[in-house]
Each structure stands twice: as C-alpha cells, then as structure tokens.
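Input: a single structure, listed below in structure tokens.
In my numbering, the protein residues as written are 115 to 385.
Rendered as structure tokens:
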C-alpha cells in the first residue's frame, strides 16, 4: 500500500528515499524512517500537536505501565474484530508509538499486517520512528488522512480527533475502527485537584454514517502512583493548562496518589 499525496490526492511512489506522485510533488523520507506529509499550508501553527514537554511526560508515564491494561485490551479487540485477511492497520494520533508498536509486535505473530502510525506532532513521530522501525510512521493531519480510498482494514483511534467522512473514505467494507474515549470517572481525582466543581466525562454517543457499532466495552481500574508519575500524568493531559504551580508542586511531593482510570472502547464496522 502506498500513501496518498496530501496536495493532489494521487498515489505516492517510493524511490531513492523519497515519496513522489505523478504531479511531481515530493516528500523526503527522514533518516529516522518517517515521512512528513503535512504541507505547511495545512498547519494551524508552526509546530502543531503536543509539545516536547507533553511528549516526554506521556512517554515516561506510559512506560511506567499504568496504561498497559488499555494497551492489551485494545490489542485483544483488534485481534478479535479485524477481518481474517487484514493487511493494513492505522493508529491515528499515535504519538511516540507506545500503542502502535505493541499492536504491530503482537498482531504480527498471527497476521501479516502492515501497521502505520500517524500524528501531527513531528517530534513524537521522529522519536517513534527511531525506536520502532517495524512501524510505518508519518506526520500528517488526522482530518486529512494521506491514504487512498478503501485502503485500510482497521483503524485504532485513542482520543484522536478525526472526521467521520475521512474514516468512511479510507476503511474497506468490512473493516473496523476501534475508538477509545474517557469513561465517566476517568482521572476523577486528578480533576478534583484542579476544578472547584468536578464533572463526570460525558458518554460517547458517536454514530457514523456507513458504520455499525458492533462492540462496546469498559475498562476501569485504580492506579496507585508516586509523585513523579502523578505529575507526568497531569502534564500529558489538557488539565495541565488549568493546573496551578501549587497543584503541580503538591503532586510531585506526594509519596502516593490514588487515581481512577476509566475507558470506553467501541468497535465500529464499515458497511
């Protein structure tokens, strides 16, 4: 499978460390192995996506193992619901590849599956491509997926924004999309430190034209974090923008911080 040119939407062919389309639009393959398919005119800022600080915090927290249960649950659902002959899977909003690489490694044991990771943050993609060479990484917008029509057997979408029409365009008939969204009590105790009045996360009622919802599961468990882990968790969430320096210092000083993880996982099949 090849990428699609983000400028003219024709197929890109790879040769001499470069992706090129029939209209001579060229995209170099970086030394780390990823390709940047985010033209400057599609950027909303100079460096879109998560900052270096957010990426480093997320990387440190994820590798502490507290979201491994989510990682393994996502792999289980993908293995269950992907079509038998699935060949291509995309992780939208892959970050530095924590979930993407595990999906590639574990599903590859039973399937010949090419796994792609896409994120708008170049700093995260660069790190992922360097660490996980078996994954095909690209910098691109989740609202303009650089893939041709009906080219993907499955998509993993953990929190990432995306247009339903784009999902319908790129997923094959019979293919699936697995979404992960916050459950009602996700990170309730962390929010309680920041907001005077804490609201539960609203339920996810997404319905997409051309898809049917075939599975809904919840995953909820308690996490016991040390101060550094709790601070990393805060820094990788949007709550960090609202947290005072006093709250951040308080978290860092904690010997133990108990917090709930609560996720909703839904599988949609393309009709």
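We treat Cβ as the ideally placed atom computed from N, Cα and C, and that holds for glycine.
Item, Value
"Thinking C-beta only, is residue 286 closer than 9 Å to residue 266?", "yes"
"By DSSP, does residue 350 sit in helix, in strand, or in coil?", "coil"
"Can you check which of these residues, 125, 371 and 165, is closest to residue 351 by C-alpha distance?", "165"
"Can you tell me the Cα-Cα spacing of residue 306 and residue 357, whole angstroms?", "11 Å"
"Could you have a look at residue 310 and say whether DSSP puts it in helix, strand or coil?", "coil"
"Could you check which residue in 376, 319 and 348 has the C-alpha nearest to that of residue 382?", "319"
"What are the start and end residues of the beta strand (DSSP E) that includes residue 229?", "228-233"
"Buried or exposed: residue 233, going by 16 or more other Cβ atoms within 10 Å of its Cβ?", "buried"
"Going by DSSP, what residue range makes up the alpha helix (DSSP H) through residue 175?", "166-176"
"Just to confirm, are residue 133 and residue 143 a CB contact at a threshold of 9 Å?", "yes"
"Roughly how many angstroms separate the alpha carbons of residue 178 and residue 136, rounded to a whole number?", "46 Å"
"What I want to know is whether the C-beta of residue 124 ends up closer than 8 Å to one or more non-hydrogen atoms of the ligand COA.", "The ligand content of the structure shown is nil, which means the ligand COA is not present either."
"Any idea what DSSP makes of residue 273, helix, strand or coil?", "coil"
"Taking a contact to mean a Cβ-Cβ separation below 9 Å, would you say residue 141 touches residue 127 in this structure?", "no"
"From what residue to what residue does the beta strand (DSSP E) around residue 250 run?", "250-253"
"In this structure, what does DSSP give as the bridge partners for residue 211?", "Residue 211 is not bridged to any residue."
"Do you know offhand how far residue 302's Cα is from residue 278's?", "29 Å"
"Identify every residue that forms a DSSP beta bridge with residue 197.", "For residue 197, which the question treats as bridged, DSSP gives no partner whatsoever."
"Report the start-end ranges of each beta strand (DSSP E) in the region 115-150 that is 3 residues or longer and not cut off at the edges.", "132-134 and 140-142"
"Which residues bound the alpha helix (DSSP H) around residue 335?", "Run containing residue 335: none in the alpha helix (DSSP H); it sits in the beta strand (DSSP E), 325-339."
"Contact defined as beta carbons within less than 8 Å: I believe residue 283 pairs with residue 376. What is the distance between those atoms, to the nearest angstrom?", "About 32 Å separates the two Cβ atoms, so there is no contact after all."
"Could you tell me the distance, in whole angstroms, from the CA atom of residue 225 to the CA atom of residue 353?", "39 Å"
"Indicate the three-state DSSP secondary structure (helix, strand or coil) for residue 383 in the structure shown.", "strand"
"Roughly how far, in whole angstroms, is the beta-carbon of residue 385 from the beta-carbon of residue 324, given that I think they are within contact range, below 8 Å?", "6 Å"
"For residue 250, which residues from the same chain have a beta carbon less than 6 Å from its beta carbon, with the 5 sequence-adjacent residues on both sides left out?", "230"
"With a threshold of 16 other CB atoms inside 10 Å of the CB of residue 246, please say whether the residue is buried or exposed.", "buried"
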